Structures are given as structure tokens and as C-alpha cells.
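Quick notes on the structure that follows.
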Amino acid sequence: MSSVDLLQTLGNKYSAEILDATDEPRSAQELSDELEIPIATCYRRIDELTENNLLELHDNILSDDRRRIKVYRRNVDSVRIDFGEELGVTIEERQEVTNTLDEAWRTLSEG
Amino acid sequence: MIELTKTGIDGLDDILNGGIVKNSTTLVSGNPGAGKSILGLQYIYNGVEMFDEDGIFLSFEESEKDLRQAAESIGFDNWQQYVDEGRITVYDKQVLLRENDFSSSLELLLGELDDENYERLVLDSLTMFKLFFDTEREQRTYLLKFTDILADNELTTLMTNEQGQIFPETEINLENFLTDGNIYLIQTPTDSGVSRYVWVAKMRKQNIETDIFPMEITDGGITVHHNASAFSMMSENDSPL
Chain A
-10 MSSVDLLQTL GNKYSAEILD ATDEPRSAQE LSDELEIPIA TCYRRIDELT
40 ENNLLELHDN ILSDDRRRIK VYRRNVDSVR IDFGEELGVT IEERQEVTNT
90 LDEAWRTLSE G
Chain B
25 MIELTKTGID GLDDILNGGI VKNSTTLVSG NPGAGKSILG LQYIYNGVEM
75 FDEDGIFLSF EESEKDLRQA AESIGFDNWQ QYVDEGRITV YDKQVLLREN
125 DFSSSLELLL GELDDENYER LVLDSLTMFK LFFDTEREQR TYLLKFTDIL
175 ADNELTTLMT NEQGQIFPET EINLENFLTD GNIYLIQTPT DSGVSRYVWV
225 AKMRKQNIET DIFPMEITDG GITVHHNASA FSMMSENDSP L
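Each protein sequence line maps, in turn, to chains A and B. Take -10 as the starting number for the first sequence in the working numbering and just add one per residue. Take 25 as the starting number for the second sequence in the working numbering and just add one per residue.
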């Protein structure tokens, strides 16, 4: 994915709002309701953002009516754009206690 | 044959039938002032002093200086020397909560576990550690992952746990089930001061004595009176844990 494509994804309508709202895990339906995004668009944006690794599928939670719901969380803390010799986009990944433990634990299971 | 890690605390190892199962995680629960942190200090200190086993003390509650003073106040005179020699490594609240960034401290800690040969770890307290996770589900998942990581690094761990209820009421939470051992420290006020007791309620893979035994905190730390008349809260089979 080139820097321009990444910026394109970020620039799409609602993308920034979705990232802003997903500090805590949110479902597509919640995002659609809170941000007043048409649900189909919301799913499309989530897919694009997930493909670009800006958003991640956090969990499949069980709803009150016992259905599985996918919840998403943003994967980035900041995005920096550099205009120099070449356009560059740097993504600062979100670093959290959970990531750190996940990573350490993954190394274990690989043995 | 199950390998054991001795606490080196008079009487406690007897109740534990020799010690704590190596590489396990034991929860030490009690009200404020029951002696949880002292038990942790003593466990780490005895490791170096008696068994030549190095340890790590993680404290969200106190500074390195507080810990040293607490240790020295109960006669662990070589505490600072062991810290200086790197045999006891302290991550105090200033380090753990620096810039509100527990994640980097955790990475530092995990790196240290990889490099060095520690055998004992104390987390004071689990109550604080849990605050870094948003949901009960996350707390559960990451407590399990953390204990896996500790076991993989061959650490025998004590985690202290704040207990709001006054004995014999006890809060039994997820962490009681998720850890290998449960020790309760109990204090009851009396006319002349306070009576203290210890109850080992659960220890996986070990045949323990589940009676409640009196203990004291004096110069030299905790002493458990294993031979004093113990009183049984319930028969072994009725233990809720």
C-alpha cells in the first residue's frame, strides 16, 4: 500500500471520525449510530481501515441477544506525513499493556 | 516429585507442606495492614539471604525508599545491600507509573526477565495491575497471560490482593480461581492490640494444611505458629476454592 493510497483511505469521509471513536472497542452498528454514518458506508470504511492496519478487529463479543458482534479498535496513535524528497507517511502504532503482554505471550507459545 | 520454593518464613513452609510450588503464582489476600506487603518483602529477602535465589519486587504502592525503610524496620538489614548488588531488583511506583506509561515499564521488566536469572517475583498489588485493563474479560485474559510468562521464566510469584471484606466474609473473585495458590492474611482487633492469622486456602498440586494458624509480625518479620492450636473453618473438602 503506497503512502498516497494510505492518505486516500484516511481522507475518505468518516475515516478520521471512526479512528477517533475507536479508542475503546466499538461495533460497526455503534459507530454508525454514534457518528451518524450510513451502515453500509460504515462497514466499507471499517474494511478499508482494517486492510490498512489502522483499525483492528479487537474481539467477537456476545450481544445481549446472544449473537456474536465484531468490535474494532484503532491501531494507531498518530500519523505523520513528511513532504521531502519523497512523500512519506509514518504510522505510530498504539502501544499498550495489552499489546506488550500479547507479544510476550506469543513468543512463549512459539517456544 | 514437585519442586518447591521455600518462603523461609517460620511455620509457613510447614503449613505449605514444604513450600510454594515452583513456577506457580500465589495470591496473598488481606485487608489493609494485614501484612501482605511484609510477606512479599520477606519472601524476596529470604530468597537471597537463605536460599541464594534472586528476586524482583514490583510495587505500585510504594517508592524504593519506602520499601527499604519497611524492610529495615523489621530487621531485614541487608535489603539495601542486595538491591545494590542487583540480587533484589525493585520496580517501584515511580518506575512503574512513569509518565503514566506502564507499557514501557512492562517491556523493560520482560526484557529483564529474559536476561537475568531471577527465581522469585512479588507483584504488589494485583489490585493496581488490574486497573490497566478495561473489562473483566481483559483482566482475566491478561492475568493468565502474565502468569504464563512468569512461569515460563521460571519465576515463583506472589501477588498481593486488596480485600475489602472483613473476615470471615471473603471476596472470591476471578483471580482466586486463576492463580495456583490462595493465602489469606487475617487480622482481628483485640483489647490489647491485634490478633493475626494466616489461612492457606488453596495450593494446586500440594497437600496443604487448610486450618487457620496464628501469626505474628515482629522484628524479623512474619512468624507463623504452626504448633499453636489451629482452628478449622471447614473441612478440607468444603473449601470453596
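Idealized CB from N, CA, C, for every residue including glycine. Note that the structure is predicted; figures quoted are calculated from it, not measured.
Asked, Found
"Counting only beta-carbon separations shorter than 8 Å, does Asp215/B have a partner in chain A?", "no"
"Check the Cβ-Cβ distances between Glu140/B and every residue of chain A, and say whether any is below 8 Å.", "no"
"When burial is assigned at 16 or more other CB atoms within 10 Å of the CB, is Asp66/A buried or exposed?", "exposed"
"What in chain A is Cβ-close to Ile173/B, meaning under 8 Å?", "Leu90, Ala93, Trp94 and Leu97"
"Just checking: is the beta-carbon of Leu3/B within a distance shorter than 8 Å of some beta-carbon in chain A?", "Because chain B in this structure spans residues 25 to 265, residue 3/B falls outside the shown range and cannot be described."
"By the 8 Å beta-carbon criterion, what residues does the region 2 to 36 of chain A contribute toward chain B?", "Glu13"
"Which one of Glu143/B, Lys154/B and Asn141/B has the shortest CA to CA distance from Phe126/B?", "Lys154/B"
"What residue does the alpha helix (DSSP H) around Glu23/A start on, and which one ends it?", "Ala17 to Leu24"
"Any idea if Val218/B is buried or exposed, counting beta-carbon neighbours within 10 angstroms, 16 or more meaning buried?", "exposed"
"Which residues mark the beginning and the end of the alpha helix (DSSP H) in which Arg57/A is found?", "Segment Arg57 to Arg63 is the beta strand (DSSP E) holding Arg57/A; no alpha helix (DSSP H) there."
"Sort Lys46/B, Gly245/B, Leu121/B and Asn102/B by Cα distance to Leu179/B and report the nearest one.", "Lys46/B"
"Do the CB positions of Asn55/B and Ile190/B come within less than 8 Å of each other?", "yes"
"Is Gly205/B closer than 8 Å to Arg220/B when the C-beta atoms are compared?", "no"
"For the alpha helix (DSSP H) containing Leu91/B, list its first residue and its last residue.", "Glu88 to Ser97"
"Identify every run of the beta strand (DSSP E) within the region 182 to 215 of chain B, keeping only runs that are complete inside it and at least 3 residues long; order them along the chain.", "205 to 214"
"Kindly indicate if chain A contains any beta-carbon less than 8 Å away from that of Asp148/B.", "no"
"Based on the DSSP output, what are the partners of Ile246/B in its beta bridges?", "Ile241/B"
"Check whether the Cβ atoms of Leu46/A and Arg63/A lie closer than 8 Å to each other.", "no"
"Is the number of C-beta pairs between the region 126 to 137 of chain B and the region 89 to 98 of chain B that are closer than 8 Å three or more?", "no"
"Along the chain, which unbroken stretches of the alpha helix (DSSP H) at least 4 residues long are found entirely within the region 134 to 170 of chain B?", "150 to 153"
"With 8 Å set as the bound, which would you pick, yes or no: does the beta-carbon of Tyr166/B sit closer than that to a beta-carbon of chain A?", "yes"
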